[in-house]
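The structure under discussion appears below in the form of structure tokens.
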Amino acid sequence: MKSSVTDTIRNVVLKPFGGNFSAEPESIGDLGEDAVMLISDAFSDISPADIVDHHTHVLGLGTADTGCYIHESHFDFIHHPVSYAKAKVVLHAGGVKEQAKADQQYIQRLVKLIANCAPPGSDSHPVHYVLALDQVHDLNGQPRPDLTSAHVPNDYIHKLTKEHGEYLRMACSVHPYRPDAITELERWAAEGVRLVKWNPSSMMIDMSNPICYNFYARMVELDMALLVHTGSEFSLTAGGSDDRLSNPLLLRPALDRHVKVIAAHCAAHGKSMDFEADLTQQGLDSFPMAENFELFLRLMSEEKYEELLFGDLSALALVHNCDKLLRVLENPWIHNRLINGSDYPLPAVNLNVMTTYLVKKGLLSWKDRSALNQIYSVNPLLFDYVLKRTVRHPQTQQKFAKTLFKAHPFIDNKPRPHAESFIQGWLTCSLDHV
1 MKSSVTDTIR
11 NVVLKPFGGN
21 FSAEPESIGD
31 LGEDAVMLIS
41 DAFSDISPAD
51 IVDHHTHVLG
61 LGTADTGCYI
71 HESHFDFIHH
81 PVSYAKAKVV
91 LHAGGVKEQA
101 KADQQYIQRL
111 VKLIANCAPP
121 GSDSHPVHYV
131 LALDQVHDLN
141 GQPRPDLTSA
151 HVPNDYIHKL
161 TKEHGEYLRM
171 ACSVHPYRPD
181 AITELERWAA
191 EGVRLVKWNP
201 SSMMIDMSNP
211 ICYNFYARMV
221 ELDMALLVHT
231 GSEFSLTAGG
241 SDDRLSNPLL
251 LRPALDRHVK
261 VIAAHCAAHG
271 KSMDFEADLT
281 QQGLDSFPMA
291 ENFELFLRLM
301 SEEKYEELLF
311 GDLSALALVH
321 NCDKLLRVLE
331 NPWIHNRLIN
341 GSDYPLPAVN
351 LNVMTTYLVK
361 KGLLSWKDRS
371 ALNQIYSVNP
381 LLFDYVLKRT
391 VRHPQTQQKF
401 AKTLFKAHPF
411 IDNKPRPHAE
421 SFIQGWLTCS
431 LDHV
């Protein structure tokens, strides 16, 4: 009886909203001719082995002693029905069918998707950075699990990258308010980790607080990059979230201290206070609100940040960000500083993906939409990549070049080239529309 009820919930409630996949990733070759052709086109100028996804989330409930946890409200249907439903949908989209085996099943599914993120018959695949998420810490340096929406320990991510090194690379997460923040940062730098993940709004990090300044200085010395959520936060809100902390302008203290910063999602959603506005010139009594994306573009336009500030493509193809996907395409001058990211598992949540909307925006043809929907039914990670290689600006026909999806010399554990020659080469390639 219990099994029957569980199956009913999964089929009637969870599958329509998250994880409605009709076949296993290995069956990609069984798709229709148009879908297979679109996949082949997306890989025609790049090997799957050259593709790097810099923004892939790991989630867990702590099964098998992983140390992961999500906020207690996600288990309380009576008092927190939205948080409860959100957790159920996201975990199901990530391939979790049994709560008692959640952490293991999530990783098994992720690795299988990556292994099959390639054209039919290919024996190569991309590599994904998997992101740790530190706990919230208060200004006294004390951990606050009561305010933490999700925790994914560094040690667990490190273990995964050792077990699945063919597929996964590590991004650590260190809250700068921790009393041992710099020691922890150095620990992972010694392991070869180059990427640090922050979500300021959910981790309660004020990036302008001087408590962060020594952390920034050490990051520069260790040649590490900071991947920062920018713009409104929708996913990690159960423990509390303050979107004022995800204002792109708050990246300045790190940038001015020469930290390489990747603004996740290109600050695609929401508005923040423009506290740099000239109130006298504009005749205002208080600072206006501005689109986060416009604030991101302001920072990108400043020459002093040319080799420091980057954006990633993660979540830009989701329904609530499609308008900004169009804006990114119509600003090719920033393309040489964009990197690839999926924000998985969000592309596997059906509610987030509406290809019809992309067609109405002129970013896709109806034929491509049909083929992409077939791909999505088998492998949402492959769908995310093929979609981003397929979309084009409806007027200029501008597309994302293959270089955006490759390893980035400033981040990916490779010898750093001379900056001037790198920027010139990257720009030349990124303007290639083929």
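Residue numbers (our numbering): 1 to 434. Beta carbons: idealized from backbone N, C-alpha and C, even for Gly. For clarity, every value in this text was computed on a predicted model and none was experimentally measured.
Could you round the C-beta distance between residue i and residue j to whole angstroms and report it? I think they count as a contact, below 8 Å.
i, j, result
"TYR106", "GLY94", "5 Å"
"LEU227", "ALA171", "6 Å"
"ALA42", "TYR305", "With 8 Å as the limit, ALA42 and TYR305 do not qualify as a contact, their Cβ atoms being about 31 Å apart."
"GLU135", "HIS175", "In the sequence as presented, Glu is not what sits at residue 135; that position holds Gln. About 7 Å separates the two Cβ atoms, so the contact holds."
"LEU160", "PRO200", "At roughly 25 Å, the Cβ-Cβ gap does not stay under 8 Å, so LEU160 and PRO200 are not in contact."
"LEU295", "LEU313", "Rounded, the Cβ-Cβ distance is 18 Å, inconsistent with contact."
"HIS125", "ALA115", "5 Å"
"LEU308", "VAL261", "6 Å"
"ASP242", "SER232", "Not a contact, Cβ separation roughly 11 Å."
"ALA64", "GLN104", "6 Å"
"GLU184", "HIS158", "With 8 Å as the limit, GLU184 and HIS158 do not qualify as a contact, their Cβ atoms being about 12 Å apart."
Just verifying my parser: in three-state terms, what is the DSSP assignment at residue i?
i, result
"PHE310", "strand"
"LEU255", "helix"
"ALA440", "The first residue shown for the chain is 1 and the last is 434, placing residue 440 beyond what the model contains."
"LYS86", "helix"
"GLU420", "At GLU420, the pLDDT of 38 sits below 50, so the modelled position is not reliable; the number obtained from the coordinates is stated separately. Helix at GLU420."
"LEU227", "strand"
"LEU147", "helix"
"LYS197", "strand"
"GLU330", "coil"
"GLU233", "coil"
"ILE262", "strand"
"LYS97", "coil"
"ALA290", "strand"
"LEU91", "helix"
"LEU131", "strand"
"VAL319", "helix"
"LYS367", "helix"
"HIS335", "helix"
"SER241", "coil"
"SER342", "coil"
"LYS271", "strand"
Between residue i and residue j, is the Cβ-Cβ spacing less than 9 Å?
i, j, result
"PRO248", "ALA263", "yes"
"ALA268", "LEU346", "no"
"LYS361", "CYS322", "yes"
"LEU133", "HIS151", "yes"
"SER149", "SER208", "no"
"LEU59", "LEU91", "yes"
"CYS68", "PRO153", "yes"
"LEU364", "LEU387", "yes"
"HIS440", "LEU195", "With the chain covering only 1 through 434, there is no way to say anything about residue 440."
"PRO117", "ASN379", "Checking the sequence shown, residue 117 turns out to be Cys, not Pro. Result yes, Cβ atoms of CYS117 and ASN379 sit closer than 9 Å."
"LYS147", "GLU186", "First, the amino acid is wrong: residue 147 is Leu here, not Lys. Their beta carbons are not under 9 Å apart, which means LEU147 does not touch GLU186 by this criterion."
"ASP343", "HIS265", "yes"
"GLN398", "GLU330", "yes"
"TRP198", "SER235", "no"
"PHE275", "PHE287", "yes"
"GLU111", "TYR177", "The sequence given here places Val at residue 111; Glu does not occur at that position. Not a contact, by the Cβ cut-off of 9 Å."
"VAL353", "LEU297", "no"
Kindly list the residues whose CB is nearer than 6 Å to the CB of residue i, restricted to its own chain and excluding five residues on each side of it in sequence; keep chain order.
i, result
"PHE405", "ILE51 and ASN340"
"TYR376", "PHE383"
"LEU61", "ALA102"
"ALA407", "VAL52"
"PRO394", "GLY362"
"LEU113", "PRO25, ASN379 and LEU381"
Please return the same chain residues whose Cβ sits closer than 7 Å to the Cβ of residue i, not counting the five positions on each side in sequence.
i, result
"PRO119", "ILE39, SER40 and PHE43"
"GLU26", "ASN116"
"PHE21", "SER377 and VAL378"
Quick one: residues in its chain with C-beta nearer than 8 Å to the C-beta of residue i, no 5 flanking neighbours on either side, listed in chain order?
i, result
"GLN108", "GLY95"
"LEU372", "ALA35, LEU38, THR355, LEU364, PHE383, VAL386, LEU387 and THR390"
"ASN214", "ILE182"
"TYR84", "SER73, HIS74, PHE75, ASP76 and PHE77"
"ARG369", "THR355, THR356, LEU358 and VAL359"
The ligand ZN and residue i: does the residue's C-beta get closer than 8 Å to at least one heavy atom of that ligand?
i, result
"TYR156", "Because no ligand of any kind appears in the structure shown, any question about the ligand ZN cannot be addressed here."
| Could you give the uninterrupted runs of the alpha helix (DSSP H) lying entirely in the stretch 155 to 195, keeping only those of 4 residues or more? | 181 to 189
| Minimum length 3: unbroken beta strand (DSSP E) runs contained in the stretch 15 to 73 | 52 to 57
| Fully enclosed by the stretch 372 to 416, which beta strand (DSSP E) runs are 3 residues long or longer? | none
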